[in-house]
Amino acid sequence: MNYDKIIALFKDKFDQEPLVIRAPGRINLLGEHTDYNKGFVLPAAIDKAIYIAISENCSSQSHLIAADLNDELFFDINTFEKSEKGWTNYILGVIKQIRNSAVTIKNFNAVFGGDIPIGAGLSSSAAIETGFLFALNKLNNLNLDKLEIAKLSQKAENEFVGVKCGIMDQFASLYGQNNAVIKIDCRNLEFEYFPLVFDDITILLCDTGISHSLANSKYNARREQCEMGVSIINKSNGRIESLRDVTLQMLDSHKSELPEIIYRRCSYVIRENSRVLEACDYLLENDLTSFGKLMYQTHEGLRDDFEVSCKELNFLVDEARKLKGVLGARMMGGGFGGCTINIVQNNEINGVMETLKHKYRNEFGIDLKIYITSIEGGTNEINQTVNKITINET
Ligand code: GLA
1 MNYDKIIALF KDKFDQEPLV IRAPGRINLL GEHTDYNKGF VLPAAIDKAI
51 YIAISENCSS QSHLIAADLN DELFFDINTF EKSEKGWTNY ILGVIKQIRN
101 SAVTIKNFNA VFGGDIPIGA GLSSSAAIET GFLFALNKLN NLNLDKLEIA
151 KLSQKAENEF VGVKCGIMDQ FASLYGQNNA VIKIDCRNLE FEYFPLVFDD
201 ITILLCDTGI SHSLANSKYN ARREQCEMGV SIINKSNGRI ESLRDVTLQM
251 LDSHKSELPE IIYRRCSYVI RENSRVLEAC DYLLENDLTS FGKLMYQTHE
301 GLRDDFEVSC KELNFLVDEA RKLKGVLGAR MMGGGFGGCT INIVQNNEIN
351 GVMETLKHKY RNEFGIDLKI YITSIEGGTN EINQTVNKIT INET
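The sequence shown begins at 1 in this note's numbering and counts up one residue at a time.
As structure tokens, this is what we get:
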């Protein structure tokens, strides 16, 4: 649902002036499954976002409306339990994190919705978490900064929702900047913006329409396999905290002790970290051809060594790679479905979209959804003025 409708619905239901927050989804250019291994990632916030209209209420119950799902939840902020309705747990999870820090907050009324496609791997869940935490922070004057919001949102997902994700999605949703990707060092959370020049390229996201029900448990299993690699290497080298501390030579010297599958998982992560660093140099030189080659390598690693791809993603990358004007393509995000990300030259864009749609329908009988996306600013408050929307810079 679009921004105007969300505000209108809020006013109609609650007859109050809301605080309005925009929290964007994210793409990731390179650095997949590296965040929870304390490595490097290269995400950006995008034009697709969720909007939250929210205000305090003076009752003992909060009233939460998910406009796009046509669903709602009544609960008391001080006493709720995990809910059967999956969407609510991202919000209850962040409230639980606030409660854990012994801070009291007030019940609220809220309507939220937006245009981040659900299940497409664009991190609608992280946007909901950061958006609500950002909103509750403002409403209750909690004085949390963006980094604290990112960390608490990730914890909410780890502990309340049960997905052992890294911090990339929440960080990107909060720290996004126009036309720049964020290189995040997930070991110390230092970050740096790199320009992505859009003069003659477009970022296309091709949505497989597939979201596997076991994706969360398979994701958690990958994380455990990486941790197992670290603990095996640590038996003879007790100083390793994460795969970030492991080089390919070190890994190879432990090859005989590592189960083959663990070796492959670890080797993918180590190589991916190097690719992110190399890619940043290409961005500075605006060399998107070399950047694109790294994207293909990442896809191959995710497909063959980390094994988080699926036939639909592989098909889309293989077909994109054959087309004139496609500089790079790969599966994006946690995997097992969701989108591919493609960097495409503007003069070939229509042909590329038509060909991929046509081929995907022929192969899988599914209408391929393609999103043209732009890179925009991170989570923030929206000031509603009479004729235009302005986003407060903080
Ligand atoms: C999901 C997780 C992130 C990250 C990616 C894979 O999006 O939420 O933390 O691990 O998968 O790179």
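Don't be surprised by glycine CBs; every beta carbon is placed ideally from N, CA and C.
Model, not experiment: these values are computed from the prediction.
Please confirm whether any heavy atom of the ligand GLA lies closer than 7 angstroms to the CB of D305.
Every heavy atom of the ligand GLA is 7 angstroms or more from the Cβ of D305, so no.
Consult DSSP for N362 and reduce its assignment to one of helix, strand or coil.
helix
Using the beta-carbon count (16 or more within 10 Å), is V103 buried or exposed?
exposed
Tell me the DSSP secondary structure of F10 in three-state form.
helix
So, with DSSP's three-state summary, where would you put S45?
Before going on, a small fix: residue 45 reads as Ala here, not Ser. In this structure, A45 counts as strand in the three-state DSSP scheme.
When the Cα atoms are used, what is the spatial distance from S55 to I46?
Distance between the alpha carbons of S55 and I46: 26 angstroms.
So the alpha helix (DSSP H) V317 belongs to, where does it begin and stop?
Following the DSSP letters along the chain, one finds V317 inside the alpha helix (DSSP H) bounded by residues K311 to R321.
Report the rounded CA-to-CA distance for Q225 versus R265, giving the unit in angstroms.
7 angstroms
Quick check on K38: does DSSP put it in helix, strand or coil?
coil
Quick check on Q297: does DSSP put it in helix, strand or coil?
helix
Buried or exposed: which applies to D15, given that a residue is buried once 16 or more other Cβ atoms fall within 10 Å of its Cβ?
exposed
Helix, strand or coil: which one does DSSP assign to R239?
In the three-state reduction of the DSSP assignment, R239 falls in the coil class.
Apart from the five residues just before and just after L157, which ones in its own chain have a Cβ nearer than 6 angstroms to its Cβ?
It should be noted that the sequence gives Glu, not Leu, for residue 157. V163 and C165, listed in sequence order.
Based on the DSSP output, what are the partners of I118 in its beta bridges?
For I118, which the question treats as bridged, DSSP gives no partner whatsoever.
What residue does the alpha helix (DSSP H) around R244 start on, and which one ends it?
Per DSSP, R244 belongs to no alpha helix (DSSP H) and is neither H nor E.
Can you tell me the Cα-Cα spacing of F75 and G121, whole angstroms?
29 angstroms
Please report how far the alpha carbon of E381 lies from the alpha carbon of L323, in whole angstroms.
Near 41 angstroms, if we compare the C-alpha coordinates of L323 and E381.
Considering only heavy atoms of the ligand GLA, does any lie closer than 7 angstroms to the CB of N346?
no
For the beta strand (DSSP E) that contains A66, what are its first and last residues?
S62 to A66
What did DSSP end up calling T130 once you bin it into helix, strand or coil?
helix
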